[in-house]
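Sequence lines, in order, name chains A and B. One point on numbering: in this note's numbering, the residue at position 180 of the first sequence is 180, and numbering is uninterrupted. One point on numbering: in this note's numbering, the residue at position 242 of the second sequence is 242, and numbering is uninterrupted. Below: one structure, written as structure tokens.
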Amino acid sequence: MSLALPEEAAPAAIKATAIAIAGLSVRFGEALAVDDVSLTVPEGASVGLVGESGSGKSTVLRAIAGLVAAEGQIAVAGEPLGPKRDRAFFRTVQMVFQDPYASLHPRHTVDRTLAEPLLLHRAQGIEARIEEALVRVGLGPEFRFRYPHQLSGGQRQRIAIARALMLEPRILLLDEPTSALDVSVQAEVLTLLERLRTEQGLTYLMVSHDLPVIAHMCEQVAVMREGRILEVLSAEAMRTGQPQHPYTRDLLAASQGYAAEPGSSR
Amino acid sequence: MSALLAVEDLWVRFPRRAGGMTEAVRGISFDLGRERLGIVGESGSGKSMTGRAILRLVRPPGQVTAKRLTFDGLDLATLSERKMRKIRGARLSMVMQDPKFSLNPVMSVGRQIAEAYRLHTGGSFRAAERTTLEMLEAVQIRDPERVARLYPHEVSGGMGQRIMIAMMLAPGPDLLIADEPTSALDVTVQMSVLRIMDRLVAERGMGLIFISHDLNLVATFCDRILVMYAGRIVETCAASRLEEARHPYTRALLGALPRLGRERQNLAAMQRDPAWKEAPSVPGFA
Numbered sequence: 001m002s003l004a005l006p007e008e009a010a011p012a013a014i015k016a017t018a019i020a021i022a023g024l025s026v027r028f029g030e031a032l033a034v035d036d037v038s039l040t041v042p043e044g045a046s047v048g049l050v051g052e053s054g055s056g057k058s059t060v061l062r063a064i065a066g067l068v069a070a071e072g073q074i075a076v077a078g079e080p081l082g083p084k085r086d087r088a089f090f091r092t093v094q095m096v097f098q099d100p101y102a103s104l105h106p107r108h109t110v111d112r113t114l115a116e117p118l119l120l121h122r123a124q125g126i127e128a129r130i131e132e133a134l135v136r137v138g139l140g141p142e143f144r145f146r147y148p149h150q151l152s153g154g155q156r157q158r159i160a161i162a163r164a165l166m167l168e169p170r171i172l173l174l175d176e177p178t179s180a181l182d183v184s185v186q187a188e189v190l191t192l193l194e195r196l197r198t199e200q201g202l203t204y205l206m207v208s209h210d211l212p213v214i215a216h217m218c219e220q221v222a223v224m225r226e227g228r229i230l231e232v233l234s235a236e237a238m239r240t241g242q243p244q245h246p247y248t249r250d251l252l253a254a255s256q257g258y259a260a261e262p263g264s265s266r
Numbered sequence: 001m002s003a004l005l006a007v008e009d010l011w012v013r014f015p016r017r018a019g020g021m022t023e024a025v026r027g028i029s030f031d032l033g034r035e036r037l038g039i040v041g042e043s044g045s046g047k048s049m050t051g052r053a054i055l056r057l058v059r060p061p062g063q064v065t066a067k068r069l070t071f072d073g074l075d076l077a078t079l080s081e082r083k084m085r086k087i088r089g090a091r092l093s094m095v096m097q098d099p100k101f102s103l104n105p106v107m108s109v110g111r112q113i114a115e116a117y118r119l120h121t122g123g124s125f126r127a128a129e130r131t132t133l134e135m136l137e138a139v140q141i142r143d144p145e146r147v148a149r150l151y152p153h154e155v156s157g158g159m160g161q162r163i164m165i166a167m168m169l170a171p172g173p174d175l176l177i178a179d180e181p182t183s184a185l186d187v188t189v190q191m192s193v194l195r196i197m198d199r200l201v202a203e204r205g206m207g208l209i210f211i212s213h214d215l216n217l218v219a220t221f222c223d224r225i226l227v228m229y230a231g232r233i234v235e236t237c238a239a240s241r242l243e244e245a246r247h248p249y250t251r252a253l254l255g256a257l258p259r260l261g262r263e264r265q266n267l268a269a270m271q272r273d274p275a276w277k278e279a280p281s282v283p284g285f286a
């Protein structure tokens, strides 16, 4: 897989591999949700996984995070992963989920939500780090003792991102981070994610069904269908509409908006 | 084109516990012919409430007032609840966003569609059965005989949404209000659902109000667009000319949207001007 990254998006450490997946399969009973997937995410890159529901794109993320059992090899920062994820793993890799209404504990304040990963990892300087984290995601200290129901959808997703960043991971797994949000809020969260990536040299593996969002956020895109990766192409090729696979062409055409039936009068 | 639906100065209000009123829809006016009218806006803009108010589905303590609310010559504001029930579902129909909560979980989907048809048209069992299969076929469900026997939990989200649409269309309504009918669907399924609605507008002359947050979709699917913000219409335009929209809110929405087929641009953060809320609603007449 060759990479052609624009200068500003490619930090010096690009040669190293953040995530390497080889022959990954996930079975749910009889069903093969992920079927022999191999993928490489270079350090500092932003790679997207697109596909329709049931294509297995979220399952790939969940397999990396250790949330589902999988066959095959996964290595993070050169270290092969075993069946269980240890603490060191979660200091390197964190995940942001789709629905900020479901992913935050409704009876925990922002303060407690952000403190939890630090307490679990016996980190020091919790006070200062929570305040810093809120500033980092563009929220003021006044949000610190609020409950999730006192926040808007965009604010909740900012908290979820802040929580993921508490342990200063190098890799973020983003599972449809903006699909529950309004367009203007989506723009804010995407811009925040871009800024954080530049500032902290993060690596993103992002899943979405929204091709324009993926093309905006990633340099490289893997298209999935029925558990397999059909093709990997650059976001540039996707934006300018030069995919190889007919399925990707269909997806792209459908993302451009409604086209009347061929032969209809409209 | 005589208007199928005429709305003038429509308000939807909810009393607040602390006193005063929350105004969800604030004095909007528009009409609808046999066309595809898109209503776009973000959450809380009042677009769904507008649809529910037309169908008189806003429950007390919510209050709906309008200078005029007429559908094909009938005054919806003063119609008795009994007469309203006769029209609702038969001539005026609504497709909701989520099929999981709109289908009856303990009745096979075929029976639900047949019931809707018989209730609103008074047709026979045999006609209902035939229509059910026809409608399922129309929404591109393969093997309709088999699917008609399934229960809602046995079908996927995309299929559930198509079944909902089949049910709403079986009685042959004159006006369909579709509230985010395809937001939960994959893009390719979304296209086939839109084609069905498109055909009904073109062939049966149905009027369609298409409520959506997806600017790109509305711009390519509808004839005309109303942009709502804070309960008011801030701008109206031909769908094909959305790119030339002038209102700063519409411009900001367009600027916030990642696009394919062009150079990658930074997404603009929306600066909301309090004056947008205060400006009077723009009339949405064709």
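Note that beta-carbon positions come from the ideal geometry of N, C-alpha and C, so glycine has one too. Small disclaimer: the values here were computed from a predicted structure and weren't measured.
In this structure the segment 135-149 of chain A touches the segment 98-115 of chain A; the number of beta carbon pairs closer than 8 Å is three or more.
Under the three-state reduction of DSSP, B/F285 is assigned to coil, being neither helix nor strand.
Bounds of any alpha helix (DSSP H) do not take in B/Y229; it lies within the beta strand (DSSP E) bounded by R224 to Y229. Distance between B/R142 and A/G241, taken at the CA atoms: about 31 Å. A/D35 sits in a strand when the DSSP states are folded into three classes. The segment 82-164 of chain B contains, as complete beta strand (DSSP E) runs of 3+ residues, the segments 92-95 (chain order). Think of a sphere of 7 Å around the beta carbon of A/P212: the chain B residues whose beta carbon falls inside it are P258, R259 and L260, in chain order.
Those residues of the segment 188-219 of chain A placed with their C-beta closer than 9 Å to a C-beta in chain B are E188, L190, T191, E194, H209, D210, L211, P212, V213, I214, A215, H216 and M217, ordered along the chain. Contact check between the segment 50-57 of chain A and the segment 70-80 of chain A: fewer than three CB pairs, one atom from each, fall below 8 Å, which does not count as touching. Scanning chain B for C-beta atoms nearer than 9 Å to the C-beta of A/R239 yields R259, L260, G261, R262, E263 and R264, reported in chain order. For B/D174, the closest Cβ of chain A is not nearer than 9 Å. Ranked by Cα distance from A/T92, the first of A/R107, A/T203 and A/D99 is A/T203. Counting along the chain, the unbroken beta strand (DSSP E) around A/Q94 starts and ends at V93 to V96. Around the beta carbon of B/M21, a 10 Å sphere encloses fewer than 16 other beta carbons of the protein chains shown; the residue is thus reported as exposed. With contacts defined by Cβ atoms closer than 9 Å, B/S212 and B/G33 do not form a contacting pair.
Looking only at A/A260, A/A259, A/L251 and A/Q256, the smallest Cα-Cα distance to A/S55 is reached by A/L251. A distance below 6 Å between beta-carbons, with the five flanking residues on each side excluded, links A/S58 to the following residues of its chain, in chain order: D175 and V207. Contact residues of the segment 39-69 of chain B toward chain A are E42 and S43 (C-beta to C-beta distance below 8 Å). Contact check between the segment 86-100 of chain A and the segment 127-139 of chain A: fewer than three CB pairs, one atom from each, fall below 8 Å, which does not count as touching. Not flagged as an interface residue toward chain B: A/Y101, since no C-beta distance is shorter than 9 Å.
Look at A/A20: its C-beta is not under 9 Å from any C-beta on chain B.
Classified as exposed, A/L119 has fewer than 16 neighbouring CB atoms from the shown chains inside 10 Å of its CB. Residues of chain B whose Cβ lies closer than 8 Å to the Cβ of A/A180 do not exist; the shortest such Cβ separation is about 10 Å. In this structure, B/L253 places its C-beta atom within 9 Å of the C-beta atom of A/S184. Under a 10 Å Cβ-count criterion, B/M107 is classified as exposed, with fewer than 16 other Cβ atoms of the shown protein chains found around its own Cβ. Counting only residues of its own chain and dropping the five nearest sequence neighbours on each side, A/M238 has a CB closer than 6 Å to the CB of A215 and V221. Taking a contact as a CB-CB distance under 8 Å, the pair A/I19 and A/I171 counts as one, their CB atoms being some 7 Å apart. Beta-bridge analysis with DSSP links A/V223 to A/V50 and A/E231. 9 Å or more divides the Cβ of B/S43 from the Cβ of B/S281. Under DSSP, the beta-bridge partners assigned to B/I211 are B/I39 and B/D179. B/R13 carries a strand assignment under DSSP once its states are collapsed to helix, strand and coil. In this structure, A/V37 keeps its C-beta atom at 9 Å or more from the C-beta atom of A/I159. Burial is judged here by how many other beta carbons sit within 10 angstroms of a residue's own beta carbon; B/F71 has at least 16 and is buried. A/P42 is bridged by DSSP to A/T17.
In this chain, the alpha helix (DSSP H) harbouring A/D250 covers P246 to S255. Checking the DSSP bridge columns, you'll see A/I130 has no partner listed.
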